[in-house]
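Each remark here refers to the structure printed beneath this line.
Residue numbers (full-length UniProt numbering): 1 to 629.
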């Protein structure tokens with residue numbers, strides 16, 4: 001295999017510095033200059049690329065090297081390293097020589113005594129004028145951190161040093177119970193906590209950076225607000241950053257006489273298709289395309305799906321757009337009409353302020369809520385992703401919140417996109433209190449409120465929620481500004497049922513006789529779209545058994561005798577709950593619009609339907625004596 005050739009790294013970094021600072025670096029500078037923190041935890045895409053083509057870590061190192069005489073890295077596997085080799089000598093001279101000890105604090109002198117003892121046991125003397133390099137080899141982490149602290153505290157080093165701890169999660173991993181940590185691991189945690197909280201160390205004007213790709217893997221104490229460390233997210237690239245990177249990368253390939261051809265898409269389209277990926281992933285796709293004869297939509301999709309599956313499969317699932325879009329739907333005319341006028345048209349006209357930010361689809365199960373989101377993704381050309389809420393909760397402190405935060409960051413990187421939250425009422429994100437007993441539920445709910453309150457996402461992201469029980473969702477999440485439309489997706493009427501039957505037969509690659517359609521539509525009152533799909537699928541099997549290539553009335557009649565859905569028994573209750581949740585009567589089908597005129601009467605109907613669904617008479621629900629045998 002031909003090794004990957006890159007340009008001069010130093011030149012790439014210089015170009016990147018001229019190109020402009022990443023947002024996370026600006027956040028660091030603002031916090032550091034303000035004196036808010038001297039220790040920083042950088043997480044997320046810290047090992048990815050900037051749009052200028054240099055690694056995020058490389059950018060950090062180069063930017064620090066322009067202000068500091070010594071920028072030293074340490075990681076558990078490779079020991080010390082320096083941005084420039086000349087910095088090694090400077091560090092050795094700065095690390096508090098003997099004559100400067102009296103200028104140090106009591107803690108600083110004690111630290112140097114411990115270091116002297118360590119190096120003395122190794123048979124090494126260190127200090128100014130000694131040729132031995134105190135930063136050589138691969139010391140144990142505790143000793144390494146003590147030496148770095150001596151460097152940070154050295155009077156001559158004030159304002160001259162920056163320390164970077166690479167792969168910090170390997171130095172101090174997240175352990176739920178500190179009693180399970182080894183003595184050396186507890187020492188490491190204690191040293192790092194001391195660094196973050198020590199005001200005197202902050203006065204030395206030497207910043208400290210802990211780099212970690214996945215924040216939950218770092219010890220929770222170092223991530224807490226009381227640790228003294230400022231936690232900064234290094235986000236995935238925006239669409240503009242991806243397009244800028246792709247443009248620069250393709251231009252460099254042209255200069256090297258190794259061009260990469262875009263086959264069936266443009267650079268802006270490629271930038272859209274690679275949403276959710278970091279720039280290393282984008283480069284991998286481009287290199288794969290070079291070996292494959294060019295960049296195609298199919299290649300990008302295949303590689304992107306593989307990357308997202310490996311990285312986000314626990315918390316996210318990409319939604320495949322429905323081929324045919326709205327044409328593949330049946331019986332959802334009022335919903336597709338709303339989408340055309342309230343969502344698709346404003347997007348096409350650039351009226352982002354008119355685009356809803358949150359939409360709640362309510363109604364009985366099986367009415368096609370997920371199906372609609374898939375069709376909408378096709379119509380608007382957006383990425384679409386669904387939260388796997390069943391995998392969010394964790395027994396580890398803070399991990400549930402970190403997972404949801406990661407999903408939200410991923411969704412932001414996918415913009416423009418549709419985000420889908422199914423069965424919202426059954427998740428721990430739907431209310432302040434929850435029945436799971438997990439204290440993380442309230443935190444997850446607050447995260448959801450903050451996410452849905454972010455006005456910068458309007459027009460770039462539309463969040464769709466689906467629920468059968470909107471009455472279980474906290475009203476704070478349902479207010480206008482977060483949930484701009486609450487749309488009942490109700491059971492289809494006879495005409496809609498006929499449309500669903502035709503669409504399902506077409507989707508299942510089978511013809512259906514119009515007489516069979518009419519028979520099915522007339523005999524499926526209170527059937528959901530999913531129920532009708534099941535009847536059509538059964539009728540198709542029966543027709544195939546009879547060696548027919550079309551569904552006839554006899555097949556539908558037999559299928560109806562076999563398929564016994566549960567929807568008719570619960571239809572009334574869920575329909576009334578959906579109508580009650582609706583916040584705009586215009587969003588209701590005309591035959592239900594009058595139900596909202598009298599809320600009290602509607603509430604009474606709901607109570608009656610709930611009683612009927614459990615086989616009770618309305619007056620039996622609360623008057624029964626509580627007995628025990």
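A virtual CB, placed ideally from N, CA and C, is assigned to each residue, including glycine.
Just so you know, these numbers come straight off a predicted model, no measurement behind them.
Taking residue i and residue j to be in contact with their CB atoms under 8 Å, please state how far apart those CB atoms are, rounded to whole angstroms.
i	j	result
residue 261	residue 295	7 Å
residue 236	residue 172	Going by Cβ atoms, the distance from residue 236 to residue 172 rounds to 25 Å, so no, they are not a contact pair.
residue 74	residue 165	6 Å
residue 40	residue 232	6 Å
residue 632	residue 580	Only positions 1 to 629 of the chain appear in this structure, which leaves residue 632 out of reach.
For the candidate residues the options, whose alpha-carbon lies nearest to that of residue i?
i	options	result
residue 145	157, 83, 194	194
residue 348	372, 382, 365	382
residue 450	358, 37, 420	358
residue 49	222, 454, 21	21
residue 480	303, 325, 407, 360	360
residue 66	39, 47, 135, 159	159
residue 240	505, 209, 329, 275	275
residue 409	387, 380, 157	387
residue 365	61, 470, 245, 227	470
residue 95	403, 567, 133, 321	133
residue 238	279, 263, 212, 203	279
residue 157	207, 45, 422, 425	207
residue 26	225, 518, 63	63
residue 561	168, 143, 575, 534	534
residue 265	297, 292, 483	297
residue 325	464, 163, 372, 602	372
Kindly indicate the opening and closing residues of the beta strand (DSSP E) around residue i.
i	result
residue 75	70-75
residue 325	Run containing residue 325: none; DSSP gives neither H nor E here.
residue 87	That residue, residue 87, is in no beta strand (DSSP E); its alpha helix (DSSP H) goes 86-94.
residue 543	It is not in any beta strand (DSSP E) - residue 543 instead sits in the alpha helix (DSSP H) that spans 529-545.
residue 467	461-467
residue 155	Residue 155 -> no beta strand (DSSP E), and no H or E assigned at all.
residue 485	485-488
residue 165	161-165
residue 54	No beta strand (DSSP E) contains residue 54, which DSSP labels as neither H nor E.
residue 233	229-234
Could you have a look at residue i and say whether DSSP puts it in helix, strand or coil?
i	result
residue 213	coil
residue 365	coil
residue 443	helix
residue 81	strand
residue 319	coil
residue 257	coil
residue 392	coil
residue 429	coil
residue 410	helix
residue 421	strand
residue 124	With a pLDDT of 47 at residue 124, under the threshold of 50, the modelled position of this residue cannot be trusted, and the question is left open.
residue 131	Residue confidence for residue 131 is low, a pLDDT of 45 falling below 50, so the modelled location carries little weight; the figure read from the coordinates is stated next. DSSP places residue 131 in coil when its eight states are reduced to three.
residue 371	helix
residue 46	coil
residue 187	helix
residue 606	helix
residue 629	Legend: pLDDT at residue 629 = 28, less than 50; position of this residue unreliable, no value from coordinates given.
residue 358	strand
residue 480	coil
residue 511	strand
Which residue marks the beginning of the alpha helix (DSSP H) containing residue i, and which one marks its end?
i	result
residue 580	567-581
residue 517	514-522
residue 312	297-312
residue 383	Per DSSP, residue 383 belongs to no alpha helix (DSSP H); it is in the beta strand (DSSP E), 383-387.
residue 506	494-507
residue 29	23-33
residue 631	For the chain, the structure presents residues 1 to 629; residue 631 sits outside this window and is missing.
residue 346	345-348
residue 334	333-339
7 Å is my cut-off, CB to CB: does residue i come that close to chain B?
i	result
residue 597	As a matter of chain content, chain B is missing from the structure shown, which is built from one protein chain.
If you drop the 5 nearest sequence neighbours on each side, which residues of the same chain put their C-beta closer than 8 Å to that of residue i?
i	result
residue 497	331, 520, 521, 524, 527, 532
residue 100	The predicted model places residue 100 with a pLDDT of 44, which falls under 50 and marks its position as unreliable, so this point remains unresolved.
residue 484	356, 357, 358, 359
Can you give me the Cβ contacts of residue i inside the same chain, cut-off strictly under 6 Å, excluding the 5 residues immediately before and after it?
i	result
residue 571	364, 491, 526
residue 447	404
residue 593	585
residue 210	41, 165, 168
Give every residue of the same chain whose Cβ lies closer than 7 Å to the Cβ of residue i, excluding the five residues on either side of it in the sequence, and list them in chain order.
i	result
residue 367	489, 490, 491, 528, 529
residue 610	573
residue 221	189, 193, 227
residue 271	239, 242, 243, 246
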